[in-house]
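Visitor: The structure that follows is given in the form of structure tokens.
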Amino acid sequence: MSSDPGVIGQCVVQWRLRCPWICWDGMEIVGDLECRGSGDDVSTSKGMEDSIHSFKVADLVIELSQTHKAKPDLTNLVFGTVFSDHMLTIEWTNAGGWQKPHIKPFGNLSLHPASSAMHYGVQLFEGMKAYRGADDKVRLFRPMLNMNRMAKSAERACLPAFDRAELVECIRRLVQVDLEWVPQSDSASLYIRPTFLGTERSLGVKKPSHALLYVILSPVGSFFSTGAKPVSLWADSKYIRAWRGGTGDCKRGGNYGASIYAQHEAVHYGCQQVLWLYGDDHQITEVGTMNMFLFWNNEKGEEELATPPLDGLILPGITRQSILELTRKWGEFKVCERYLTMADLRCALKEGRVKEMFGSGTACVVSPVGRILYQGENLHIPCQEDFPQLASRLMKELTDIQYGRTQSDWSVLV
0 MSSDPGVIGQ CVVQWRLRCP WICWDGMEIV GDLECRGSGD DVSTSKGMED SIHSFKVADL
60 VIELSQTHKA KPDLTNLVFG TVFSDHMLTI EWTNAGGWQK PHIKPFGNLS LHPASSAMHY
120 GVQLFEGMKA YRGADDKVRL FRPMLNMNRM AKSAERACLP AFDRAELVEC IRRLVQVDLE
180 WVPQSDSASL YIRPTFLGTE RSLGVKKPSH ALLYVILSPV GSFFSTGAKP VSLWADSKYI
240 RAWRGGTGDC KRGGNYGASI YAQHEAVHYG CQQVLWLYGD DHQITEVGTM NMFLFWNNEK
300 GEEELATPPL DGLILPGITR QSILELTRKW GEFKVCERYL TMADLRCALK EGRVKEMFGS
360 GTACVVSPVG RILYQGENLH IPCQEDFPQL ASRLMKELTD IQYGRTQSDW SVLV
């Protein structure tokens with residue numbers, strides 16, 4: 000099995016409160032999965048080592064469902080509404096540690112009414128996918144990066160540590176059990192949702208003594224109802240997604256629940272997503288639930304792909320990291336992690352320096368932006384034939400890897 004080095008570069012950055020930018024030019028286990036750090040994006044921080052008392056795939060208990068649900072019609076599939084026949088559950092207690100992982104028929108959870116996940120938001124999740132290629136092989140895309148991020152989120156939520164490589168192996172076994180649920184389509188995939196809950200059985204804001212880690216699977220098509228067409232964004236600073244010292248760089252449910260009201264207002268203004276701004280200078284941070292990229296000629300006239308830096312406000316996306324690594328490998332234009340403001344964007348649009356703007360994420364891969372509503376003004380982003388050139392190229396290169404059309408150590412066979 001291929002491992003995922005996830006190396007970004009050799010540059011180590013010490014962040015200050017605000018730096019202008021940082022740029023770079025230019026029960027059978029098949030094989031062993033090596034756990035490695037992943038550079039500055041989705042990395043393993045100190046004090047977050049895998050627990051020697053973690054659950055093990057060798058102890059996995061499999062209980063197969065006696066009934067099987069009908070597979071959905073992929074042409075009318077709404078994201079995240081249909082689920083496969085089985086799920087993975089792993090329980091933890093402070094007294095007994097991790098219990099045996101258990102693959103069992105998909106079903107409801109039984110939680111104590113005082114569970115800390117429900118009262119205090121002690122909860123987190125991940126999003127990853129399994130892809131079926133034309134060769135009928137099923138692949139995961141850079142799963143260790145998801146595990147690294149999940150471990151970081153767990154540490155921030157005071158949930159127990161776990162062996163990330165063992166969790167990947169448990170997920171692989173779950174996908175193997177429900178292999179028929181991986182769509183035979185190059186426009187659909189099997190969404191994998193690992194979730195981690197504090198199940199403390201008493202009220203009180205404290206570190207939980209009980210927890211539940213579970214994984215569910217859902218076949219999905221396009222994330223947006225418009226398919227691959229450019230999305231429209233509503234940019235307003237009155238709602239803030241994240242702040243320094245908060246949990247914006249962790250994949251916690253509370254970050255998303257708090258965004259729903261702003262998303263509802265964006266739809267009221269005729270837009271599909273929120274462009275999240277931060278600070279008095281209206282820094283651009285994220286696009287809905289995606290990372291944001293701007294392809295332009297910068298203030299110095301250089302052709303540049305820019306995305307906001309990971310300063311605690313931004314979720315370290317796996318697709319984001321992959322785009323940065325791909326484009327740096329190309330060496331065709333400057334690639335920067337730098338602060339961008341709405342004033343920068345407005346000026347660049349006025350001067351005709353903007354080439355493309357797009358979001359990135361596991362659900363959508365790459366999603367072009369066509370329009371931004373900001374302070375009562377519609378800012379139109381260039382979009383040749385609905386899917387701009389760079390966004391189209393990135394979409395092709397990433398999906399070619401995901402579906403096995405291009406061989407890469409970013410792919411892990413199921």
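If you count the sequence shown from 1, position 162 lands on 161 in numbering that gives the first Met the number 0, and the numbers rise without skipping. Note that beta-carbon positions come from the ideal geometry of N, C-alpha and C, so glycine has one too.
(1) Could you have a look at P142 and say whether DSSP puts it in helix, strand or coil?
(2) When the Cα of L166 is compared with those of L372, W180, E90, which residue comes out closest?
(3) Apply the 10 Å Cβ neighbour rule to Q401 and answer buried if 16 or more other Cβ atoms are within range, or exposed otherwise.
(4) Taking only the alpha-carbon atoms, compute the straight-line gap between I371 and H67 and give it to the nearest angstrom.
(5) What three-state label does DSSP hand N75 in the structure shown?
(6) Pick out the complete beta strand (DSSP E) segments inside the segment 349 to 389, 3 residues or longer, and give them in chain order.
(7) Is there contact between the segment 207 to 219 and the segment 77 to 90, where contact requires at least three CB pairs shorter than 8 Å?
(8) Using 10 angstroms around the beta-carbon of L393, count the other beta-carbons present and answer buried if the total reaches 16, otherwise exposed.
(9) Over what stretch of residues does the beta strand (DSSP E) that includes Y297 continue unbroken?
(10) At what residue ranges does the segment 245 to 290 contain a whole run of the beta strand (DSSP E), taking only runs of 3 or more?
(11) Name the DSSP beta bridge partners of T340, please?
(12) If you drop the 5 nearest sequence neighbours on each side, which residues of the same chain put their C-beta closer than 6 Å to that of Q282?
(13) Mapping the DSSP letters down to three states, classify Y402 as helix, strand or coil.
(14) Figure out for me which residue from L344, V364, S321 has the closest Cα to the Cα of E479.
(15) Excluding the 5 residues flanking L211 on each side, which residues of the same chain have their C-beta closer than 7 Å to its C-beta?
(16) May I ask you to report which of helix, strand or coil DSSP gives Y119?
(17) Is I239 helix, strand or coil when you go by DSSP?
(18) Count the other C-beta atoms from every protein chain shown that fall within 10 angstroms of the C-beta of K237, then say buried if there are 16 or more, exposed otherwise.
(19) Let me confirm a value: W97 is counted as buried when at least 16 other C-beta atoms fall within 10 Å, else exposed. Which label applies?
(20) Quick check on this structure: which residue in S208, T405, E179, S410 has the alpha carbon closest to the alpha carbon of P71?
(21) Alpha carbon to alpha carbon, how far is L158 from F54?
(22) Which class does E165 belong to by DSSP, given the choice of helix, strand or coil?
(23) Roughly how many angstroms separate the alpha carbons of L123 and A390, rounded to a whole number?
(24) Distance check for V353 and T306, CA to CA, integer angstroms please.
(25) Quick one: measure Cβ to Cβ for F357 and F292, integer angstroms, because I've assumed they're closer than 8 Å.
(26) Please go through the same chain and pick out, in chain order, the residues whose beta-carbon is closer than 6 Å to the beta-carbon of A249, but skip the five residues on each side of it.
(27) From G269 to G256, what does the alpha carbon distance come to, in whole angstroms?
(28) When you compare each of Y277, R404, T288 to R251 by their alpha carbons, which one comes out closest?
(29) Give me the residue from K205, V121, V368 with the minimum Cα distance to V230.
Guide: On the basis of the coordinates in this document:
(1) Start at 1 with the first residue of the sequence shown, and residue 142 comes out as number 143. In the structure shown, P142 sits in a helix (DSSP, three-state: H, G or I).
(2) As a working mapping, residue 166 is identified with position 167 in the sequence shown. Ranked by how close their Cα comes to the Cα of L166, the residues L372, W180, E90 have E90 in first place.
(3) The count along the sequence shown starts at 1 and reaches residue 401 at position 402. Residue environment analysis places Q401 among the buried positions, since at least 16 neighbouring C-beta atoms fall within 10 angstroms of its C-beta.
(4) Indexing the sequence shown from 1 puts residue 371 at position 372. Indexing the sequence shown from 1 puts residue 67 at position 68. Roughly 45 Å separates the two Cα atoms.
(5) Reading the sequence shown from its first residue, position 76 is the one you call residue 75. Of the three classes helix, strand and coil, the one that applies to N75 here is helix, per DSSP.
(6) Here the runs fully enclosed are 353 to 360, 364 to 373, 376 to 379.
(7) Short answer: they touch.
(8) The sequence position of residue 393 within the sequence shown is 394, counting from 1. Buried, by the Cβ-count rule.
(9) Here residue 297 is taken as the residue at index 298 of the sequence shown, counted from 1. At residue 297 the sequence reads Asn, which differs from the Tyr that was named. Neither: N297 is in no beta strand (DSSP E) and is coded neither H nor E.
(10) With a minimum length of 3 residues, the continuous beta strand (DSSP E) runs that stay inside the segment 245 to 290 are 272 to 277, 282 to 286.
(11) Indexing the sequence shown from 1 puts residue 340 at position 341. According to DSSP, which records beta bridges pairwise, T340 is partnered with Q282.
(12) Your numbering for residue 282 matches position 283 in the sequence shown. So the list reads Y338, T340, once near-sequence residues are dropped.
(13) Residue numbering aside, residue 402 sits at position 403 when the sequence shown is read from its first letter. Three-state DSSP puts Y402 in coil, outside helix and strand.
(14) Since the first residue shown for the chain is 0 and the last is 413, residue 479 is missing from the structure and cannot be characterised.
(15) Start at 1 with the first residue of the sequence shown, and residue 211 comes out as number 212. Excluding sequence positions up to five before and after L211, its CB lies within less than 7 Å of the CB of T88, E90, L196, T198, all in the same chain and listed in chain order.
(16) By one-based count along the sequence shown, residue 119 stands at place 120. DSSP places Y119 in helix when its eight states are reduced to three.
(17) As a first step, residue 239 must be located in the sequence shown, where it is residue number 240. Three-state result, I239: coil.
(18) Against the sequence shown, residue 237 aligns to sequence position 238. Counting of Cβ neighbours within 10 angstroms places K237 among the exposed residues, the total staying below 16.
(19) As a first step, residue 97 must be located in the sequence shown, where it is residue number 98. Flag for W97 reads buried.
(20) Translated into the one-based positions of the sequence shown, residue 71 becomes position 72. Comparing Cα-Cα distances from P71 to each of S208, T405, E179, S410, the minimum goes to E179.
(21) By one-based count along the sequence shown, residue 158 stands at place 159. By one-based count along the sequence shown, residue 54 stands at place 55. Those two C-alpha atoms are separated by around 14 Å.
(22) For the purposes of this step, residue 165 is taken as the residue at position 166 of the sequence shown. Helix at E165.
(23) Here residue 123 corresponds to residue number 124 of the sequence shown, with the count starting at 1. Here residue 390 corresponds to residue number 391 of the sequence shown, with the count starting at 1. About 30 Å.
(24) Within the sequence shown, the letter at position 307 stands for residue 306. Within the sequence shown, the letter at position 354 stands for residue 353. Spanning the two alpha carbons is a distance of roughly 14 Å.
(25) Here residue 357 corresponds to residue number 358 of the sequence shown, with the count starting at 1. Here residue 292 corresponds to residue number 293 of the sequence shown, with the count starting at 1. Contact between F357 and F292 holds, since their C-beta atoms are separated by about 5 Å, short of 8 Å.
(26) On the sequence shown, residue 249 is found 250 positions in, with the first residue counted as 1. In the sequence as presented, Ala is not what sits at residue 249; that position holds Cys. Exclusion of the five residues before and after C249 leaves S152, R155 as the residues of its chain whose Cβ lies within less than 6 Å of its Cβ.
(27) What you label residue 269 is simply residue 270 of the sequence shown in a count that begins at 1. What you label residue 256 is simply residue 257 of the sequence shown in a count that begins at 1. Rounded to whole angstroms, G269 to G256 spans 21 Å at the Cα level.
(28) The residue given as residue 251 occupies position 252 in the sequence shown. Selected option, being the one with the closest Cα: T288.
(29) Within the sequence shown, residue 230 is the residue found at index 231, counting from 1. Taking only the C-alpha atoms, the option nearest V230 is V368.
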